[in-house]
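Below is one structure, written out as structure tokens; comments come after it.
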Amino acid sequence: MEWKKYTYTFLITAVIFATAIFASNYFSQRKMNEIKNIESRIAVDILASETQFSLLSELSCRDISSSLLSKELATLGDRLSYTEENSGSDDAEVLNLKKYYSLLQIKDFLLMQKMKERCGSNPSANGLSLMYFYSNMDNDCADCEKEGFVLTKLRQDYPDLRVYSFDYNLDLSALQTLISIYNIEDNQPTLLINEKVYYGFKSIDDIKNILPALKEIDKQKAKEEAAKTKATSTKGE
Amino acid sequence: MHIVSETITYIFLFISLYLEVFFLISYFESREKEIKVPALFQPNKWPSVSVIVPVWNEETTVLKTIFSLLKLNYPKDKLFVFVVDDGSTDKTWNVIQRFAKSKQVTLLRKENGGKHTALNYALQFVTSDLVGCLDADSFVHPEALKRMVSNFEDIEVMAVTPSIKIYEPKGFLGLIQKAEYIFGIFLRKVFSYLNAIYITPGPFSIFRRSVFEKIGYYRHAHNTEDMELAMRMQKNNMKISNVHNAFIYTIAPTSIKDLYKQRLRWIYGFLKNSIDYRDMFFKPQYGSLGMVVLPAAGFSVFSTLYFFGATILSWAKTLILKIEEISTVGLSFKNFDFDFFYVNTDVIAFVSLIAILGTFFVIVISRGMAEEKNRFGLDSVLFLIFYMFICPFWMTKALYNVVFSRGNKWR
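As given, the protein sequences belong to chains A and B, one line each in that order.
Sequence positions in the first sequence follow the working numbering and run 43 to 279.
Sequence positions in the second sequence follow the working numbering and run 66 to 476.
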């Protein structure tokens, strides 16, 4: 009986599997660390801006670099949802990262409010923001997938627009406080724009109607595009 | 639900990997012991050989088949050809009349009854030491018989199988089959090392005549009589070996319809024959054949169907998501920035990668055995990518036919 060969084969296969598991865990851990690094960076940036704000009584509003922070938050958000899909929503590390992310978003929002008060609302620099509340519990929110696409597109098209997204069911006291301040009901998807609450799916056009500033940005872009083509066409002559 | 499908995937992957490792180990441990038949081998004595060619409506290829037999590098007085026209309705009978006066060729005609009846009909007239069969759409290499006869010098060997390649493969399907057959050359060799060959293929398997006297003639066997005979031989502890440098060239089906019909017959035949010979499965007395090879062949049907289903399901999900995205926000071609973060690094991805590497390795080895010019080719690429998407169709139908007990036609 060839039991020796069968056992030997089993061992080799088990070793290959173990190696695969080991490699997978290694990369999983690396990805978590990358997210943690991004969060640390953002935390430092926010802290730096807040400190600057507190130190200066006359603030140079232009010095606060806002657009970079917004992009970092977006990148972080994407990576976080990818990791959540792969590791599961119950993973303790994922939950922790999500909570930290939500806190960073709230801090960023508060910082923006302060800047608005001192510097005045300047649509092209800072001041444009919206909050999005979703739920990823089974069958809780059928439109959240679609709303997610809409917001991703908005982030891409309007880098200066800050899109903050929160998991409504996250066990975070600061988040729950935010929810109770604006009296947000348990009905996702929910959008909070300029202190008004909107329930149900909103398309890109719906949101542009609520935030006319976006349409202004569109017009600006169109003018710039027209100026560019005019310049190149005259060059040709 | 998710956990169930993941567990099944892991189990199937583990078993598939186990089998791949097992066959590779078997190949390497036996390779040193193998005595390769030299290209210009001369046997000590020349046994007499009869080759039976059953024909049904093969007027276009039968002449070439018979000519290839007559061109075999073998003493003419020891080689006999029996052509059996199984009630052809085309010009086959007329076409083969050009051999009517040949001393080596005997022409027989009977009413249509199926391939196994044609073979059995001719067997009654065979008096030589060895007897073989050859499909009317296949051609033999001139050295093939000589090399195969060499294995009969071992008195335990009761049958010898050759290597089969596709004759002049054309087109997408032709290339995939070419790679598939070359892969089969490797498998047949490994099975011969394990004494676990369970198909003595229609194209040019050679038997000792005593085999038929001991265990009987061909049976209908769900139109896969070549498989059933081998299984019957194995059940009677008869040794079947393989000469991998004896080449037979067969014409492959060129249309997807013909290919589907052929493979449906093969898989259906395998499933039904396995059921008939189910008491060989997992029995140590049948060695590697019973413990590994037969279960592996059965497993491959189910695992192919499972992985195919799982892949299609996941693609469908992605497609539905993409359609939803486009309907919500329209089509947008954003810059594709390759980000390592999003590369799939879960366990299944790594194991699959290793399994594919193993297959790649087998392809390279088998191409050497098949005496192909390159170690890898376009046909291998197409085979690796597309084969698992084509065979589930006939596998499903074969399974369906078996479960709901529908018969199968030869052609």
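Quick reminder that beta carbons are idealized off the backbone N, C-alpha and C, glycines included.
Name, in chain order, the residues that DSSP records as bridge partners for residue i.
i, result
"S445(B)", "Answer by DSSP bridge pairing: none, since S445(B) is not bridged."
"G197(B)", "V116(B) and I271(B)"
"K257(A)", "BP columns for K257(A) are empty, so no partner."
"T232(A)", "F175(A) and Y241(A)"
"D247(A)", "For D247(A), which the question treats as bridged, DSSP gives no partner whatsoever."
"Y206(A)", "M173(A)"
"F204(B)", "Y314(B)"
"S226(B)", "As written in the sequence, residue 226(B) is Thr, which differs from the Ser given in the question. T226(B) pairs with N307(B)."
"I231(B)", "T315(B)"
Can you grab the Cα-Cα spacing for the pair residue i / residue j, in whole Å?
i, j, result
"D444(B)", "D142(B)", "41 angstroms"
"C186(A)", "G249(B)", "51 angstroms"
"G239(B)", "V127(B)", "21 angstroms"
"I313(B)", "T289(B)", "19 angstroms"
"A224(B)", "Q71(A)", "57 angstroms"
"V446(B)", "P457(B)", "19 angstroms"
"T182(B)", "A60(A)", "54 angstroms"
"I264(B)", "E71(B)", "35 angstroms"
"Y333(B)", "E99(B)", "34 angstroms"
"H309(B)", "R253(B)", "8 angstroms"
"N500(B)", "M345(B)", "Residue 500(B) lies beyond the range of chain B shown here (66 to 476); nothing can be said about it."
"V394(B)", "L115(A)", "22 angstroms"
"N216(B)", "V222(B)", "7 angstroms"
"K322(B)", "T125(B)", "20 angstroms"
"E278(B)", "K300(B)", "16 angstroms"
"G178(B)", "R284(B)", "12 angstroms"
"K56(A)", "L259(B)", "Before going on, a small fix: residue 56(A) reads as Ala here, not Lys. When rounded, the distance between both Cα atoms is 23 angstroms."
"D151(B)", "I63(A)", "58 angstroms"
"E135(A)", "D247(A)", "37 angstroms"
If you measure from the beta carbon of residue i to each beta carbon in chain A, is any gap under 8 angstroms?
i, result
"S397(B)", "yes"
"S470(B)", "no"
"E390(B)", "yes"
"L82(B)", "yes"
"Y407(B)", "yes"
"I421(B)", "no"
"I90(B)", "yes"
"T410(B)", "yes"
"F415(B)", "yes"
"S353(B)", "yes"
"V86(B)", "yes"
"V394(B)", "yes"
According to the neighbour-count rule (16 or more other Cβ atoms, all chains shown, within 10 Å of its Cβ), is residue i buried or exposed?
i, result
"V69(B)", "exposed"
"V120(B)", "buried"
"I247(B)", "buried"
"N109(B)", "exposed"
"S166(A)", "Summary for S166(A): the model assigns pLDDT 45, below 50, so the residue's position carries little reliability, and this model does not support an answer."
"D132(A)", "exposed"
"L152(A)", "exposed"
"T383(B)", "exposed"
"I161(B)", "buried"
"G197(B)", "buried"
"P349(B)", "exposed"
"I226(A)", "buried"
"V86(A)", "exposed"
"P234(B)", "buried"
"I385(B)", "exposed"
I'd like to know if residue i contacts chain B, where contact means its C-beta is closer than 8 angstroms to some C-beta of that chain.
i, result
"T51(A)", "yes"
"Y241(A)", "no"
"S70(A)", "yes"
"S66(A)", "yes"
"A134(A)", "no"
"R83(A)", "no"
"E227(A)", "no"
"K250(A)", "no"
"S166(A)", "At S166(A), the pLDDT of 45 sits below 50, so the modelled position is not reliable and the matter cannot be decided from this model."
"A60(A)", "no"
"K78(A)", "no"
"K270(A)", "no"
"V205(A)", "no"
Any C-beta of chain E sitting closer than 8 angstroms to the C-beta of residue i?
i, result
"S379(B)", "Protein chains in the displayed structure are A and B, and chain E is not among them."
4 or more residues per run - each alpha helix (DSSP H) lying fully within the segment 275-306 of chain B: 290-300
Only counting runs of 4 or more residues, tell me where the alpha helix (DSSP H) segments fall wholly within the segment 124-199 of chain B, in order along the chain. 127-135, 157-160 and 180-188
Contained beta strand (DSSP E) runs [length at least 3] in the segment 300-366 of chain B, N- to C-terminal order: 304-315
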